[in-house]
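Beneath this line is the structure, given in structure tokens, with notes to follow.
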Amino acid sequence: MTQGHEPMQRDPHALAETQFDLVIIGGGINGASTAREAALRGMKVALVEARDFAAATSSRSSKLIHGGLRYLDQFEFRLVHEARRERRLLRKLAPHLAWPVPFLFPIYRGDPYSPLKVRLGLSIYDLLGNLGTADRHQTLSKEEMLRRVPLLEPDGLREGALYHDSLTDDARLTIENIVDAAAHGAAVANYTEVRSFMLETHKGNGKPAITRAELEDRRTGQRIEISSRFWVNATGPWVDQVRALLPGYDGSKTVRLTKGTHIVIPPVAGDFAMFAAILPGKRIFVMMPWHNHALLGTTDTDYDSDPGQVRPDLQDVEYLLRAVNRVLRQPLQTSDVVGAYAGLRALAIQPGASPSENTREYRFHQDPWAVNLITVCGGKLTTSRSLGEKLVDQVVTNIPGSSPPEWTEHPTRNTPLPGGHTDDFENYCSDATENAVRLFDIPREAAGRIVRTYGTRWQEVLGPIRSDRKLAETLPGTSDCLGAEAAFAVEQEMACQIDDFLLRRSGLNWYAADALREALPAVAEIFAQRLGWDPARREAAVDKFRRSRYFSFETVN
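The sequence shown begins at 430 in the working numbering and counts up by one.
Next up, the structure:
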């Protein structure tokens, strides 16, 4: 089954024409989920993002939709229960965005987690998830662990455990939430930044409330005013900078920023993901199979510089290599690292806690100098839908006057995300791949990847081929990425710059540097044709991307 969506049209100036019920500032996963929830309830919603959607933390995560195993160590059982419920929902409502992966947990002599403690923790994990027998964890002997991952270091290995969690494409999860919000009437605009707020004294309670905000279209420099009854600040690492725009701001902080670095290495565990302890201490690393590589993370260190300039550094890379090399027969070198990326966690402040001990619970903060603004502190990919639901509940409670009955409903609990309209994803993928090859005459490898990436939206993605057969060709240097995807990103998903497509709407950035270098001019030409770029602007866009820190991840060697 396919589910058509109207193209997302970028028109920041149209925002001035509506009195909104709710304006959401921030186009990461928190803002995207909140916008979708509010739009599906029938509210007049706008979402604005100063950069591109998912441009920061929401494209630089561990790519995990997990049941919260790591939270058991802090006894955050409510968070584990919520995470397991939300993971189950996402697998059902967006199977193309939450695919199961087997996790191994090797236990070595000297680890802070004994075999007994791991078994107990995983048993609690199973109970909190109400799992059937087939989905419960298994204890594996040393020999069984080595058979699954021959590259594990045998010396000191006691036993291991096997359980299942899920992976996601974090940027596409964010984009699909925004696509659905727009399909249900939300006005959305990327590269649109809040510059100031205008407040008035609320007639009912005598307290200051935001009535309007001045926005800047960062693509043209023009200014726009937007009006709303209520506002949400979901800007992640920038939430306190947005609060600082308010008259009366007292300089207080609501979030603690910690940096999480991941490195991209050879797939030493094959198709398995893996958790293991980092010594000394009680931290663990996680390694996930990803686009013929493995992602290894993550660091957790305080960060107090410009959120827009967060970078992985050599110290981060060496820390992660030391962690993984403890459990490998042959240690990895820095020359084995394909690339690295870093993102920021915006954690709700918990005084006295270390970065790794700081709670991962999200919180909603309201300031007395702007009573109709809620600031989101914290949040996770896995529980983003639940966060949006609870946040909109609180917004509805706070909006003066009576609200329509549908504003109190919870539609996202049973409404599939775009691309998720199928009850049997594996069989659907098989049939849809055959249909894509037959209908559009494209390579089978490309058809299979597009179906798995976009789910039941695959015909929308391939649609541009009908008017331009050249878009059926694979991009230079790739075997499964078509020009049609770049055209679709521009025409349907508000991609304005080359990196919007390469980094956040496709998996092309995961190719090796040589392949990306080959594909870049072809992608730029597709953008130029659709956005009206002249040759000089097209070449400038190519040069800008080549010089950017994003080229083939981040260079670390």
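Where a beta carbon is used, it is the ideal one built from N, C-alpha and C, also for glycine. As the structure is a prediction and not an experimental result, all values here were calculated from the model.
- Counting C-beta atoms within 10 angstroms of its own C-beta, R672 has 16 or more neighbours from the protein chains shown and is therefore classed as buried.
- For G912, the uninterrupted alpha helix (DSSP H) run begins and ends at 912-921, by DSSP.
- Contact check for V509 against L557 passes: the beta carbons are separated by less than 7 Å.
- Excluding five sequence positions before and after L749, the CB atoms of its chain that fall closer than 6 Å to its own CB belong to I692, L725, given in chain order.
- Taken atom to atom, the span from the alpha-carbon of Q921 to that of R789 is near 34 Å.
- Within the same chain, Cβ atoms closer than 7 Å to the Cβ of R587 are found at I536, Y537, R538, P544, K571, the five residues on either side in sequence being excluded.
- Selection S625, R976, V952 evaluated against R967 yields V952 as nearest (Cα-Cα).
- With a cutoff of 7 Å on beta-carbon distance, S488 and D599 are scored as near each other.
- Taken through DSSP and simplified to helix, strand or coil, D928 comes out as helix.
- Residue burial annotation: S764 is exposed, with fewer than 16 other C-beta atoms found within 10 angstroms of its C-beta.
- Under the 8 Å Cβ criterion, the stretch 841-855 does not count as touching the stretch 868-875, having fewer than three qualifying pairs.
- Each of W667, V715, D929 was checked against the Cα of S490, and the nearest Cα belongs to V715.
- About 7 Å separates the Cβ atoms of A799 and A638, confirming a contact at the 8 Å cut-off.
- Cα atoms of L932 and A915: separation of roughly 12 Å, rounded to the nearest angstrom.
- Under the three-state reduction of DSSP, Q448 is assigned to strand.
- The straight-line gap separating the alpha-carbon atoms of I894 and Q926 is approximately 21 Å.
- Between the alpha carbons of P666 and A775 lies a gap of roughly 5 Å.
- Assignment of W528 by DSSP, reduced to helix, strand and coil, places it in the strand class.
- By the criterion of at least three beta-carbon pairs nearer than 8 Å, the stretch 441-455 is in contact with the stretch 640-659.
- The continuous alpha helix (DSSP H) containing L750 extends over residues 743-754.
- Along the stretch 448-483, the alpha helix (DSSP H) occurs as fully enclosed runs of 4 or more residues at 458-469, listed in sequence order.
- Annotation for I871: no beta strand (DSSP E) segment contains it, and DSSP assigns it neither H nor E.
- For G772, the enclosing beta strand (DSSP E) begins and ends at 768-777.
- A distance below 7 Å separates the beta carbons of V746 and A769.
- Taking every protein chain shown into account, the CB of D609 has 16 or more other CB atoms within 10 angstroms, so this residue is buried.
- Closest in C-alpha terms to K973, from the list P829, S935, Y940, D928, comes D928.
- Contact check for S595 against A483 fails: the beta carbons are separated by 7 Å or more.
- Burial is judged here by how many other beta carbons sit within 10 angstroms of a residue's own beta carbon; E818 has at least 16 and is buried.
- Within the DSSP secondary-structure output, H794 pairs in a beta bridge with T804.
- Counting only runs of 3+ residues, the beta strand (DSSP E) found wholly inside the stretch 525-604 occupies 528-537, 567-570, 586-596, in chain order.
- N662 is bridged by DSSP to I454, T804.
- One thing to note: T690 has its Cβ within 7 Å of the Cβ of T728.
- Ranked by Cα distance from E889, the options G961, G848, N634, V474 are led by G848.
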